[in-house]
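Student: Starting off with a structure, shown below.
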Amino acid sequence: MWKTLRPNRANLVIWQWLLLVLCFVFWYVLTSPTLLPPFYFDDPNKAAFFFGEPQKVLQRIWEWFVGGEIYLHLWITLVETVLAFVLGTALGLGVGLWLALSPLASALFDPYIKAANSMPRVILAPIFGVWFGLGIWSKVALGVTLVFFIVFFNVYQGVKEVSPVVLANARMLGANGKHLLRFVYLPSAMSWVFSSLHTSVGLAFVGSVVGEYLGSARGVGYLILQAEGTFDINTVFAGILVLTAFALILDAIVGVGERRLMKWQPKTGDTEKL
């Protein structure tokens, strides 16, 4: 019986949804004073005040989408996130390829790249607010700084991992610099790039929301900040769940692009069968 029901490729999605339902049930039980005696708070209603109530959180999300209140805020946050993601990825890819293929430039910029990467880039948000104002571009700039280094280091490492034997064979077949870039370096770097993009999606959202926290009149981060100011924990959790859901959607889109562009790459375990 267990062999049939245990998680496998056929029923994995069902188990994932079941785990989500169990999390909500656990949340509901812990924040319902009539179901459990208070074990941490002296007042049984304090648990709901601090951790919210899942039914009210879902109700708030429903009201947002049915009433249309969230669409403008969500659109602003998604535009900021996508722009930060695309620009950060493009810059990381370009600079990573340049420094990986130019040893002199790599040696020259190495200490500055490491210094910039070690800096907590969230502290740049107020500076970007002064430079670009409180519109979307200050949030995009912050998101770009978060995405750039993730992509950059993966591209740099991917190019450096190219086998010298492969390069020598390609040159023997008459490949020039452009051919090597297109048919050797880029394919080698792309597998590293896509592994970084899944992380970069979340960081792009972080940049957008943190920027909205520090100065904005629109965006999901702005809604969460307003709710925090009135101690409306249910609205805070509603905003977090909405952001999480759309981050998963963007991550799924990246996964679709990865499967389409990386068809040549053998799947896990295929090389062991050879």
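Start counting the sequence shown at 443; every next residue gets the next number (my numbering). Even for Gly, the Cβ is constructed at its ideal location relative to N, Cα and C. The structure displayed is predicted, hence computed values, not measured ones.
For the candidate residues F679, R701, L692 and E603, whose alpha-carbon lies nearest to that of F798?
Tutor: No answer is possible for residue 798: it lies beyond the span of the chain, which begins at 443 and ends at 716.
Student: Taking the straight line between their C-alpha atoms, what separation do you get for T713 and L639?
Tutor: Caution applies to T713, whose pLDDT of 45 falls short of 50 and renders its modelled position unreliable; the model cannot decide the point.
Student: Any chance the region 567-579 sits against the region 538-558, with 3 or more Cβ pairs inside 8 Å?
Tutor: They do not touch, by the three-pair rule.
Student: Determine the closest residue to L584 out of P553, N596, S650 and W634, with distance taken between C-alpha atoms.
Tutor: It is S650 whose Cα lies nearest to the Cα of L584.
Student: Go through the region 588-659 residue by residue and report every complete run of the alpha helix (DSSP H) that reaches 4 residues or more, in order.
Tutor: Counting only runs of 4 or more, we get 606-614, 619-622 and 628-656.
Student: In angstroms with no decimal places, state the Cα-to-Cα distance between V582 and A612.
Tutor: In a straight line, the C-alpha of V582 is about 40 Å away from that of A612.
Student: Considering only the beta carbon of each residue, do G538 and V593 sit closer than 8 Å?
Tutor: Taking 8 Å as the Cβ cut-off, G538 and V593 qualify as a contacting pair.
Student: Compute the Euclidean distance between the alpha carbons of P568 and Y664, then round it to the nearest angstrom.
Tutor: In a straight line, the C-alpha of P568 is about 16 Å away from that of Y664.
Student: Whose C-alpha, out of L550, G657, I555 and L514, is nearest the C-alpha of G534?
Tutor: Answer by Cα proximity: I555.
Student: Is there contact between the region 496-514 and the region 558-566, where contact requires at least three CB pairs shorter than 8 Å?
Tutor: Output reads no: the region 558-566 does not touch the region 496-514.
Student: Since S560 is in the alpha helix (DSSP H), which residue starts that stretch and which ends it?
Tutor: Its alpha helix (DSSP H) spans residues P545 to S560.
Student: Please work out which residues of its chain come closer than 6 Å, Cβ to Cβ, to T473, disregarding the five sequence neighbours upstream and downstream, and give them in chain order.
Tutor: Cβ neighbours of T473 beyond the five flanking positions: A489, A490, F493 and E495.
Student: Consult DSSP for T672 and reduce its assignment to one of helix, strand or coil.
Tutor: Reduced to three states, the DSSP call for T672 is coil.
Student: By Cβ distance below 6 Å, which residues in the same chain neighbour L716 in space, the five residues on each side in sequence not counted?
Tutor: Reliability fails at L716, whose pLDDT of 47 lies under 50, so the model's placement of it is uncertain and the value that follows must be treated cautiously. Excluding positions up to five away in sequence, the list is empty.
Student: Between which two residues does the alpha helix (DSSP H) holding G509 run?
Tutor: Its alpha helix (DSSP H) spans residues P496 to G509.
Student: Do I503 and V684 have their beta-carbon atoms positioned less than 8 Å apart in this structure?
Tutor: Result yes, Cβ atoms of V684 and I503 sit closer than 8 Å.
Student: For I682 and I666, what's the separation of their Cα atoms in angstroms?
Tutor: Each residue's alpha carbon lies about 8 Å from the other.
Student: Could you compute how far the alpha carbon of G571 sits from the alpha carbon of T587?
Tutor: The alpha-carbon atoms of G571 and T587 are separated by roughly 14 Å.
Student: Going straight from the alpha carbon of A542 to that of V467, what length do you get?
Tutor: Approximately 50 Å, taken between the alpha carbons.
Student: Mapping the DSSP letters down to three states, classify L454 as helix, strand or coil.
Tutor: Of the three classes helix, strand and coil, the one that applies to L454 here is helix, per DSSP.
Student: Could you check how far apart the C-beta atoms of Y627 and V608 are, in whole angstroms? I think they sit under 8 Å.
Tutor: In fact, because the Cβ distance is near 10 Å, the residues do not count as touching under 8 Å.
Student: What residue does the alpha helix (DSSP H) around I565 start on, and which one ends it?
Tutor: Note, I565: premise wrong, no alpha helix (DSSP H); not H, not E.
Student: Measure the Cβ-Cβ separation of N596 and V648 and say whether it is below 8 Å.
Tutor: Their beta carbons are not under 8 Å apart, which means N596 does not touch V648 by this criterion.
Student: Assign T473 to one of three DSSP states: helix, strand, or coil.
Tutor: T473: coil per DSSP, three-state reduction.
Student: Here's the rule I'm using: 16 or more other beta-carbon atoms within 10 Å means buried, otherwise exposed. How should Y513 be labelled?
Tutor: Result: exposed.
Student: Look up E541 in the DSSP assignment and say whether it is helix, strand or coil.
Tutor: Rather than Glu, the amino acid found at residue 541 in this sequence is Leu. Correct three-state label for L541: helix.
Student: Could you say which of E522, F688 and R624 lies nearest to R660 if we only look at CA atoms?
Tutor: R660 has its Cα closest to that of E522, out of E522, F688 and R624.
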